[in-house]
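Residue numbers (full-length UniProt numbering), protein chains in the order written: chain A, 1 to 303; chain B, 1 to 303.
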């Protein structure tokens with residue numbers, strides 16, 4: 001089973017308006033709301049691809065209840081740690097005129113040390129094949145929260161896939177995780193190296209593997225067996241939000257099936273699923289048919 | 001007791017952001033939420049001025065629970081009719097750079113015929129001195145909902161103050177209500193007359209009285225005893241949202257104390273309280289000290 005960790009779960013609310021004007025008053029013509037946070041996107045994609053998923057995170061207050069209900073309605077099994085604070089919302093305004101999205105992200109509730117401990121205590125390590133962690137940290141958690149999870153996972157012989165940037169990226173690598181990031185975050189962590197060199201550097205630092213998205217240039221994977229680059233299938237227009245999370249989902253699924261997957265094969269799936277995510281308007285959704293069609297077509301080069 | 005009717009109650013959520021950019025992604029740096037809708041502003045101002053208030057409206061779902069809690073926390077007694085739908089939210093984005101507000105209004109839940117009947121059935125007519133109605137109608141209610149309330153109020157010997165525009169303004173006048181509106185809405189209802197003539201026309205149509213805000217030119221009142229115009233105290237800079245609701249609150253309070261108040265005196269209070277509302281950043285709040293200082297200074301002219 002794939003455990004997906006979303007430390008800062010959200011209720012993502014989308015408002016449609018006819019013509020967004022700063023300083024104006026707008027009638028909302030459409031409302032959609034669902035559970036969100038990058039880890040939830042990972043869970044949705046993994047579940048869509050037929051994998052058993054356990055969504056992990058914190059919920060509090062009435063917004064937390066709505067999030068828990070929505071996960072249930074989406075068919076996602078969840079193990080949620082209750083908190084005193086109120087689960088955050090994000091509000092996205094979609095402009096009817098051009099479809100542009102303007103996003104407002106609440107910071108999220110303060111997590112206490114006791115609540116963080118309760119989260120660890122209820123982690124069902126024995127049932128997890130892999131743990132995928134992604135998204136922002138809520139206030140109150142230590143900056144190295146993901147590295148802490150990776151260390152605990154390793155202690156329980158569970159592999160972790162951690163999608164993170166900044167200082168936390170190198171910390172997760174050092175903790176032995178499979179790290180997921182993008183080229184810009186990679187450079188912020190390792191300096192001005194090529195993506196291939198940077199990914200290799202993360203493995204040298206201790207990462208079991210590194211999978212780095214490189215925008216329109218495709219993706220790079222590194223492990224102690226080598227370095228691979230996959231080219232994109234074709235240029236896809238659409239909504240890139242959630243494409244990286246779809247990549248994390250197939251990486252986690254591959255690791256759940258085999259702790260030492262064929263990274264060239266994983267990259268093919270990762271490139272195809274990311275493009276299939278761009279095709280759909282909502283993060284967490286993928287065009288499964290496009291994914292299956294593209295997957296065998298992805299070209300991978302070994303270094 | 002003053003009953004305040006808010007048929008489309010809302011949870012008003014205010015987000016503060018550093019620099020609002022259409023198409024951008026924003027961290028919310030501050031969140032405030034409270035019960036809203038024009039009738040709630042009326043209730044808050046009347047309560048602030050020492051009047052006993054009963055807030056009436058519909059609530060549903062988890063947002064409805066938050067609204068009910070917030071009214072309780074604000075010290076406002078409420079008699080709320082439960083509905084199947086979810087109470088709406090409004091989201092206001094306040095730009096930290098210039099304080100400009102961008103507003104998004106959800107339409108509100110559909111009210112069924114049964115729920116509308118339940119609202120009437122629980123109206124505590126015997127305890128009400130006056131009923132003040134204001135704000136938009138939720139989907140599902142008849143367009144003449146306020147006139148229907150005015151007719152029922154009259155049947156129970158309760159005066160009603162109805163703040164409304166468009167066709168509903170003339171309907172409320174015909175039903176014998178004390179009508180509240182602004183100069184633009186008045187003209188839309190009676191044509192290109194002076195505000196004084198238009199107010200008189202509403203009384204001729206059946207209104208017990210008419211109190212019309214005329215922007216920076218002050219206010220006009222009409223009854224079968226005459227027509228009066230009050231000049232503004234001084235030019236006040238601030239937030240005009242809620243100024244009209246403050247006016248409605250003092251009109252309702254005056255009528256609760258005497259069914260035939262001295263309208264020249266009422267206008268003095270109405271002008272002063274509206275200016276005192278502009279001074280405060282949040283609709284429903286007033287600067288009580290400024291109100292008390294300005295009230296005796298307002299100049300009223302009789303026609």
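Glycine included, every Cβ here is placed at the ideal spot set by N, Cα and C. Since the structure is predicted, the reported quantities are computational estimates derived from the model, not experimental observations.
When the five nearest sequence neighbours on each side are left out, the beta carbons in the same chain lying within less than 6 Å of the beta carbon of residue 106 of chain A are those of 88 and 89, in order along the chain. Pairwise C-beta distances place the stretch 191 to 200 of chain B in contact with the stretch 223 to 239 of chain B, as three or more of them are shorter than 8 Å. Residues of chain B whose Cβ lies closer than 9 Å to the Cβ of residue 27 of chain A are, in chain order, 104, 105, 106 and 107. At least 8 Å separates the CB of residue 70 of chain A from every CB of chain B. Taking a Cβ-Cβ cut-off of 8 Å, the neighbours of residue 100 of chain B in chain A comprise 22 and 23, given in sequence order.
The three-state reading of DSSP puts residue 174 of chain A in helix, counting H, G and I together. With contact defined as three or more Cβ pairs closer than 8 Å, the stretch 118 to 127 of chain A and the stretch 36 to 44 of chain B are not in contact. Contact fails between the stretch 136 to 156 of chain A and the stretch 16 to 23 of chain A, because fewer than three Cβ pairs, one in each stretch, are under 8 Å apart. For residue 176 of chain B against residue 206 of chain B, the beta-carbon gap comes to about 5 Å, under 8 Å, which counts as contact. For the pair residue 80 of chain B and residue 57 of chain B, the CB atoms are nearer than the 8 Å cut-off.
DSSP places residue 19 of chain A outside both helix and strand once states are collapsed to three, so it counts as coil. Proximity of chain A to residue 62 of chain B at the Cβ level (cut-off 7 Å) is accounted for by 62, 65 and 66, in chain order. When beta bridges are read from the DSSP output, residue 95 of chain B appears opposite B:17. Counting C-beta atoms within 10 angstroms of its own C-beta, residue 14 of chain B has 16 or more neighbours from the protein chains shown and is therefore classed as buried.
The three-state reading of DSSP puts residue 41 of chain B in helix, counting H, G and I together. Residue-level contact check: residue 278 of chain A does not touch chain B, since none of the beta carbons of chain B fall below 8 Å from its beta carbon. Beyond the five residues adjoining it in sequence on each side, residue 135 of chain A comes within less than 6 Å, by CB distance, of 6, 8, 37, 38 and 39 in the same chain, given in chain order. At a cut-off of 3 residues, the continuous stretches assigned as beta strand (DSSP E) that sit fully inside the stretch 192 to 258 of chain A are 209 to 213, 219 to 223 and 226 to 230.
Between residue 251 of chain B and residue 270 of chain B, the gap from beta carbon to beta carbon is short of 8 Å. The straight-line gap separating the alpha-carbon atoms of residue 216 of chain B and residue 238 of chain B is approximately 13 Å. For a Cβ distance threshold of 9 Å, residue set 91, 104 and 106 of chain B lies close to residue 15 of chain A, ordered along the chain. In this structure residue 297 of chain A is exposed. Its beta-carbon is surrounded by fewer than 16 other beta-carbon atoms within 10 angstroms.
Listed along chain A, the residues sitting closer than 8 Å to residue 31 of chain B by beta-carbon distance are 106. Residue pairing for residue 163 of chain A: DSSP places it in a beta bridge opposite A:134 and A:180. In its chain, beyond the 5 residues on either side, 59 have a beta carbon closer than 8 Å to the beta carbon of residue 65 of chain B.
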